[in-house]
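With positions in the sequence shown counted from 1, the corresponding number in the numbering used here is that position plus 278.
Note that the Cβ used here is the ideal one computed from N, Cα and C, for glycine as well.
Computed from a predicted model, the values in this text were never measured in an experiment.
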Amino acid sequence: MSILYLTLQAKGGVGKSYVSSILAQYLQERGRSVRCIDTDTTNPTLLRYRPLQCTYLRLAEEHVVNPRAFDQLVETLTSAETDTHFVVDVGSNGFQPLMAYAVENELFSLLDTLGVQVILNSVIAGGPDVAETLSSTKAVLEHTQAPTLIWLNAHLGTLEHRGCPVTELELFRVFEARILGWIRLAKYPAATFGQDVEQMLKQRWTFDEAIERLRLMPQTRLRRVKQALWEQLDQVFGAAAP
């Protein structure tokens, strides 16, 4: 069975493509056959990570899903070799049309019957974007039945809503059985770790590219950032990815 990891978030600029790139790198390092697809119509960030050999598919046109493009995606998923892992990054402008299309056509149930396991990824950003990103994540959980991995981006601010830590919010309790886990993108000191991560993101480097190109201390710090993320993902998926 192939696996589709779909990254969904209506708010732009909250680390969605970074999350997709982390997941793809992790799966590759765990020995999986990985194929990356970027569908963002305005800013295809994942496409710029060259080692990921990402392909581009324009899923939406003027806020409406292009059925032919989606047919192409389904064909790609179902014709792939068993155990292929697809990481598909959906742009913020594609969130609403894809969710509407998926719900109307019972897309994820259909994919399951065709032998494709679906795992959704949603990002909740700290600081001023908490409420909006929470709303999108709630919509993903409410309107689908697929297991969901929630990424917490503390780099953008405190992960609290009305004084309550995001992970303790009542709204998530009803979905506990479907939440695979919580992956935290930590907030690092701006002058050291933070600057290293920012440079890596700005250049669209993978961790390995950044570690190869930077000097000793940035290399050491980025190895620690990577290790912390990989350890969290191992806890979700086990020492071997699914």
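For Y283 versus V366, is the C-beta spacing smaller than 8 Å? Numbered from its first residue, the sequence shown carries residue 283 at position 5. Numbered from its first residue, the sequence shown carries residue 366 at position 88. The answer is yes: Cβ separation under 8 Å.
Check whether chain B comes within 8 Å of V366, counting only Cβ atoms and requiring the distance to be less than that. Any reference to chain B falls outside this structure, which holds one protein chain only.
Which residue marks the beginning of the beta strand (DSSP E) containing V401, and which one marks its end? The sequence position of residue 401 within the sequence shown is 123, counting from 1. First-last of the beta strand (DSSP E) with V401: V394 to A403.
Counting only runs that start and end within the region 318 to 371, where is the beta strand (DSSP E) found for 3 or more residues in a row? 362 to 367
Spatial distance of L389 from Q303 (CA atoms): Here the question's residue 389 lines up with position 111 in the sequence shown. Here the question's residue 303 lines up with position 25 in the sequence shown. Approximately 24 Å, taken between the alpha carbons.
Per DSSP, which one or two residues make a beta bridge with D316? On the sequence shown, residue 316 is found 38 positions in, with the first residue counted as 1. In DSSP, D316 forms a bridge with Y334 and D367.
Run through DSSP, which three-state label would A518 get? Your numbering for residue 518 matches position 240 in the sequence shown. Its pLDDT being 47, under 50, A518 is placed unreliably by the model, and the measurement read from it follows with that caveat. The answer is coil: DSSP assigns A518 none of H, G, I, E or B.
Round the Cβ separation of L434 and A403 to the nearest angstrom and send it over; I've been treating them as touching at under 8 Å. On the sequence shown, residue 434 is found 156 positions in, with the first residue counted as 1. On the sequence shown, residue 403 is found 125 positions in, with the first residue counted as 1. Contact flag correct, Cβ pair sits at about 5 Å.
Classify G372 as buried or exposed, calling it buried when 16 or more other Cβ atoms lie within 10 Å of its own Cβ. Mapped onto the sequence shown, residue 372 falls at position 94. By the 10 Å Cβ count, G372 comes out buried.
How far does the alpha helix (DSSP H) with T426 in it reach, from first residue to last? On the sequence shown, residue 426 is found 148 positions in, with the first residue counted as 1. T426 -> not in any alpha helix (DSSP H); beta strand (DSSP E) instead, spanning T426 to N431.
Start-end ranges of the alpha helix (DSSP H) lying completely within the region 457 to 496, minimum 4 residues: 473 to 481 and 485 to 491
Please return the same chain residues whose Cβ sits closer than 6 Å to the Cβ of L458, not counting the five positions on each side in sequence. If you number the sequence shown from 1, residue 458 lands on position 180. Only P425, L427 and V514 meet the Cβ criterion.
Below 8 Å between beta carbons: does that hold for F471 and V503? The residue labelled residue 471 in the question sits at position 193 within the sequence shown. The residue labelled residue 503 in the question sits at position 225 within the sequence shown. Their beta carbons are under 8 Å apart, which means F471 touches V503 by this criterion.
Where DSSP assigns a beta bridge to E438, which residues make up the other side? By one-based count along the sequence shown, residue 438 stands at place 160. Answer is P443.
Pick from E307, G290 and V292 that is closest to T537, judged by C-alpha positions: An answer regarding residue 537 cannot be provided, because it is not within the stretch 279 to 520 covered by the chain.
So what does DSSP say about T422, is it helix, strand or coil? Along the sequence shown, read from residue 1 onward, the residue named residue 422 stands at position 144. T422 falls in the coil class under three-state DSSP.
Sorted by chain position, which residues of the same chain lie with C-beta nearer than 7 Å to P375's C-beta, five sequence neighbours on each side aside? The residue labelled residue 375 in the question sits at position 97 within the sequence shown. The residues are A338, H341, V342 and V343.
Just verifying my parser: in three-state terms, what is the DSSP assignment at L286? By one-based count along the sequence shown, residue 286 stands at place 8. Reduced to three states, the DSSP call for L286 is coil.
Starting from D390, follow the alpha helix (DSSP H) in both directions and report where the run begins and ends. In the sequence shown, counting from the first residue as 1, residue 390 sits at position 112. Here the alpha helix (DSSP H) through D390 covers L385 to T391.
Cβ-Cβ distance between K294 and V401 below 8 Å: Sequence index remark: in the sequence shown, residue 294 carries index 16 (1-based). Sequence index remark: in the sequence shown, residue 401 carries index 123 (1-based). Yes, the Cβ-Cβ distance between K294 and V401 is below 8 Å.
From N383 to R346, what does the alpha carbon distance come to, in whole angstroms? For the purposes of this step, residue 383 is identified with residue 105 of the sequence shown, where counting begins at 1. For the purposes of this step, residue 346 is identified with residue 68 of the sequence shown, where counting begins at 1. If you take the alpha carbons of N383 and R346, they lie about 14 Å apart.
What is the C-beta distance between T356 and L392, in whole angstroms, given that I count them as a contact (C-beta under 8 Å)? The residue you call residue 356 lines up with position 78 of the sequence shown. The residue you call residue 392 lines up with position 114 of the sequence shown. Sure, about 5 Å apart at Cβ, within 8 Å.
Out of G441, E487, L500 and F450, which has the shortest C-alpha to C-alpha gap to P467? For the purposes of this step, residue 467 is taken as the residue at position 189 of the sequence shown. Measuring from the Cα of P467, the nearest candidate turns out to be L500.
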